[in-house]
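Asks: These protein sequence lines map, in sequence, to chains L and X. For the first sequence, this note's numbering puts the final residue at 303, and the numbers step up evenly by one. For the second sequence, this note's numbering puts the final residue at 63, and the numbers step up evenly by one. Just passing along the structure, written as structure tokens.
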Amino acid sequence: MWAFLHRFASPPHFYRRAGAIAPWLGWICLGLMAAGLYGGLVVAPPDYQQGESYRIIFVHVPSAWMSMFVYVVMAGASAIALIWRIKLAEVIAIESAPVGASFTFLALVTGSLWGKPMWGTYWVWDARLTSELILLFLYFGVMGLYAAIEDRRTAGRAAGLFAIVGVVNIPIIHYSVEWWHTLHQGPTVTKLSAPSIHVSMLVPLLLMAVSFKLFYVTVLLHRARCGVLERGRNAGWVRSLLARTEPE
Amino acid sequence: MTMTESLVDFFRMGGYAFYVWWSYVVVTVVLALNFVLPMLRHRRVRRDLAQELRFADRCDEP
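Next up, the structure:
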């Protein structure tokens, strides 16, 4: 197991493997997304209270889930990078940040577009919305810290530490709807009893969620390939890789 | 209901067209950018590194 992990974490091996895997994941992601969109926009019936407006759920909820999932991956990878000094883990942490920030932004914007017709306002300082906004700033903090420090190793460590400290916000976001009964509704799908959503809506929602997850992995692999290339600019494997493909 | 009528109905989204479709447009744009930008970056990184390498090779020659 360790030998395999070490081999996978070696930059040239990762660069090759990631390049081979990413297109497959990308196509599967696209297929699931098409199925999820069809199920969500065409097949699923309108909601009995919210009418057609609820269809925002199929992009809003997966974005929100991903905004937290990516943060946990980022913090976990940062911890691995700090403890075991695995360079690839740092690349994964740093390259996750913009993708996570994108999902957070999407969760906020789609939520806002859903809030206007249902709550009558685009924004309210509700516990869930505020903690999600803080999540966006945490992502910006990680990206800014990494960009602001000249020395790459110090930058990686500082951004990693920042990411780990910020993970405290994740349970706050998750439980915000239970701890403070403000405007945002409670969980529908991720509660212990059966989900209170009809299966014709649940299936496209889960399809979208899985496809968003695959989207993240695909984009992360692409980004991490760039990252290992940039960091390994003087390494032998990068030289031989470029020498082989020079005439293009 | 004719084909066009049901299509128009679909795009009207029960009067919520503005909110529903803008959500989907924003998501599409942001995801597309997330997908395309790393591709362009990859190409740029490889080109820059290859250039650096050529330059270094030239400098090595006597």
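The C-beta atom is built at its ideal place from N, Cα and C for all residues, glycine as well. In this text, all values refer to a predicted model and were calculated from it rather than measured experimentally.
Look up E303 of chain L in the DSSP assignment and say whether it is helix, strand or coil.
Replies: Position 248 of the first sequence holds residue 303 of chain L. Confidence at E303 of chain L is low in this model, with a pLDDT of 43, below 50, so its placement is unreliable and no value can be given for it.
Asks: Which one of X:L54, X:Q52, X:F36 has the shortest CA to CA distance from R278 of chain L?
Replies: As a first step, residue 278 of chain L is located in the first sequence; it is residue number 223 there, counting from the start. Of the candidates X:L54, X:Q52, X:F36, the one whose C-alpha sits nearest the C-alpha of R278 of chain L is X:F36.
Asks: Note down the Cα distance separating G106 of chain L from S295 of chain L, rounded to an integer number of angstroms.
Replies: To locate residue 106 of chain L, count along the first sequence from 1; it is residue 51. To locate residue 295 of chain L, count along the first sequence from 1; it is residue 240. About 59 Å.
Asks: Quick one: list the residues of chain X neighbouring H277 of chain L, beta-carbon separation under 7 Å, in chain order.
Replies: By 1-based counting over the first sequence, the position of residue 277 of chain L is 222. Going along chain X in sequence order, the residues near H277 of chain L (Cβ under 7 Å) are P39, M40, H43.
Asks: Run the CB neighbour count on D206 of chain L, radius 10 Å, all protein chains shown included, and call it buried at 16 or more, exposed below.
Replies: Here residue 206 of chain L refers to the residue found at position 151 of the first sequence. Answer is exposed; the Cβ neighbour count stays below 16.
Asks: Tell me whether S7 of chain X counts as near the ligand SAH, meaning its Cβ is closer than 8 Å to at least one heavy atom of that ligand.
Replies: No copy of the ligand SAH occurs in the structure displayed, which carries no ligand at all.
Asks: Just to check my reading of the structure: M263 of chain L and V127 of chain L have Cβ atoms closer than 8 Å, yes? What is that Cβ distance to the nearest angstrom?
Replies: Against the first sequence, residue 263 of chain L aligns to sequence position 208. Against the first sequence, residue 127 of chain L aligns to sequence position 72. Wrong, their Cβ atoms sit about 20 Å apart, outside the cutoff.
Asks: Quick check: the Cα distance between G94 of chain L and S7 of chain X, rounded to an integer number of angstroms?
Replies: Along the first sequence, read from residue 1 onward, the residue named residue 94 of chain L stands at position 39. Along the second sequence, read from residue 1 onward, the residue named residue 7 of chain X stands at position 6. Approximately 17 Å, taken between the alpha carbons.
Asks: List the residues of chain L whose Cβ lies closer than 7 Å to the Cβ of F36 of chain X, in chain order.
Replies: Here residue 36 of chain X is taken as the residue at index 35 of the second sequence, counted from 1. Per Cβ cutoff of 7 Å: V274.
Asks: Please report the residue range of the alpha helix (DSSP H) in which N224 of chain L lies.
Replies: Position 169 of the first sequence holds residue 224 of chain L. N224 of chain L -> alpha helix (DSSP H) spans 224 to 234.
Asks: Can you name the residues of chain L whose CB is closer than 7 Å to the CB of L50 of chain X?
Replies: Locating residue 50 of chain X in the second sequence gives position 49, where the first residue counts as 1. The answer, in chain order, is L284, R288, V293, L297.
Asks: On the DSSP bridge list, what partners appear for D102 of chain L?
Replies: On the first sequence, position 47 is the one that residue 102 of chain L refers to. Looking at the DSSP assignment, D102 of chain L forms a beta bridge with L:G106.
Asks: Check the Cβ-Cβ distances between V28 of chain X and every residue of chain L, and say whether any is below 9 Å.
Replies: In the second sequence, counting from the first residue as 1, residue 28 of chain X sits at position 27. True, the Cβ-Cβ gap to chain L drops below 9 Å.
Asks: How many Å lie between W120 of chain L and V164 of chain L at the Cα?
Replies: Taking the first residue of the first sequence as position 1, residue 120 of chain L is located at position 65. Taking the first residue of the first sequence as position 1, residue 164 of chain L is located at position 109. Spanning the two alpha carbons is a distance of roughly 14 Å.
Asks: So what's E205 of chain L in DSSP terms, helix, strand or just coil?
Replies: Your numbering for residue 205 of chain L matches position 150 in the first sequence. The answer is coil: DSSP assigns E205 of chain L none of H, G, I, E or B.
Asks: Quick check: the Cα distance between A213 of chain L and R140 of chain L, rounded to an integer number of angstroms?
Replies: Residue numbering aside, residue 213 of chain L sits at position 158 when the first sequence is read from its first letter. Residue numbering aside, residue 140 of chain L sits at position 85 when the first sequence is read from its first letter. One C-alpha to the other measures close to 14 Å.
Asks: Taking one C-beta from the stretch 267 to 286 of chain L and one from the stretch 76 to 85 of chain L each time, how about it: are there three or more such pairs within less than 8 Å?
Replies: Cβ pair count under 8 Å is three or more, so yes.
Asks: Under the rule that 16 or more other beta-carbon atoms within 10 Å means buried, what is W234 of chain L, buried or exposed?
Replies: Along the first sequence, one-based indexing puts residue 234 of chain L at 179. Exposed is the call here.
Asks: If P101 of chain L sits next to G287 of chain L, beta carbons under 8 Å apart, how far is it from one beta carbon to the other, in whole angstroms?
Replies: Numbered from its first residue, the first sequence carries residue 101 of chain L at position 46. Numbered from its first residue, the first sequence carries residue 287 of chain L at position 232. With 8 Å as the limit, P101 of chain L and G287 of chain L do not qualify as a contact, their Cβ atoms being about 53 Å apart.
Asks: Relative to chain X, which residues along the stretch 129 to 162 of chain L have a C-beta separation below 9 Å, given in chain order?
Replies: If the cut-off is 9 Å between Cβ atoms, the stretch 129 to 162 of chain L has E150, P153, V154, S157, F158, F160, L161 near chain X.
Asks: Cβ of W169 of chain L less than 9 Å from any chain X Cβ?
Replies: On the first sequence, residue 169 of chain L is found 114 positions in, with the first residue counted as 1. Chain X, which has a Cβ nearer than 9 Å to the Cβ of W169 of chain L, makes this yes.
Asks: Between which residues of its own chain and A173 of chain L is the CB-CB distance below 7 Å, once the five residues before and five after are set aside?
Replies: Position 118 of the first sequence, counted from the start, is the residue given in the question as residue 173 of chain L. The residue asked about is misnamed: residue 173 of chain L is Met in this sequence, not Ala. Hits under 7 Å: Q105, S108.
Asks: Please report the straight-line C-alpha distance between G131 of chain L and T3 of chain X, rounded to a whole angstrom.
Replies: Numbered from 1 along the first sequence, position 76 holds the residue referred to as residue 131 of chain L. Numbered from 1 along the second sequence, position 2 holds the residue referred to as residue 3 of chain X. Whole-angstrom Cα-Cα distance: 54 Å.
Asks: DSSP on W178 of chain L, reduced to helix/strand/coil?
Replies: To locate residue 178 of chain L, count along the first sequence from 1; it is residue 123. Correct three-state label for W178 of chain L: coil.
Asks: Starting from Y93 of chain L, trace the alpha helix (DSSP H) in both directions and tell me its first and last residue.
Replies: As a first step, residue 93 of chain L must be located in the first sequence, where it is residue number 38. Counting along the chain, the alpha helix (DSSP H) containing Y93 of chain L begins and ends at 66 to 93.
Asks: Given this structure, state the Cα-to-Cα distance separating P242 of chain L from V116 of chain L, to the nearest angstrom.
Replies: Counting from 1 along the first sequence, the entry for residue 242 of chain L is found at position 187. Counting from 1 along the first sequence, the entry for residue 116 of chain L is found at position 61. Straight-line Cα distance between these residues: approximately 10 Å.
Asks: Return the chain-ordered list of same chain residues with a C-beta closer than 6 Å to the C-beta of L87 of chain L, the five sequence neighbours on each side being excluded.
Replies: Counted from its first residue, the first sequence places residue 87 of chain L at position 32. L262, V265, S266, listed in sequence order.
Asks: Do you know offhand how far E303 of chain L's Cα is from T5 of chain X's?
Replies: As a working note, residue 303 of chain L is residue 248 in the first sequence. As a working note, residue 5 of chain X is residue 4 in the second sequence. Annotation note: pLDDT 43 at E303 of chain L (below 50); position unreliable, coordinate value reported separately. Roughly 49 Å separates the two Cα atoms.
Asks: Using 10 angstroms around the beta-carbon of H239 of chain L, count the other beta-carbons present and answer buried if the total reaches 16, otherwise exposed.
Replies: Reading the first sequence from its first residue, position 184 is the one you call residue 239 of chain L. It is buried - the Cβ of H239 of chain L has at least 16 other Cβ atoms within 10 Å.
Asks: How many Å lie between Y194 of chain L and R59 of chain X at the Cα?
Replies: On the first sequence, residue 194 of chain L is found 139 positions in, with the first residue counted as 1. On the second sequence, residue 59 of chain X is found 58 positions in, with the first residue counted as 1. Taking the straight line from one Cα to the other gives about 42 Å.
Asks: Whose C-beta lies closer than 6 Å to the C-beta of A64 of chain L among residues of the same chain, with five residues either side of it excluded?
Replies: Taking the first residue of the first sequence as 1, we reach residue 64 of chain L at position 9. For A64 of chain L, where only same-chain residues beyond five positions count, the Cβ hits under 6 Å are I141, L143.
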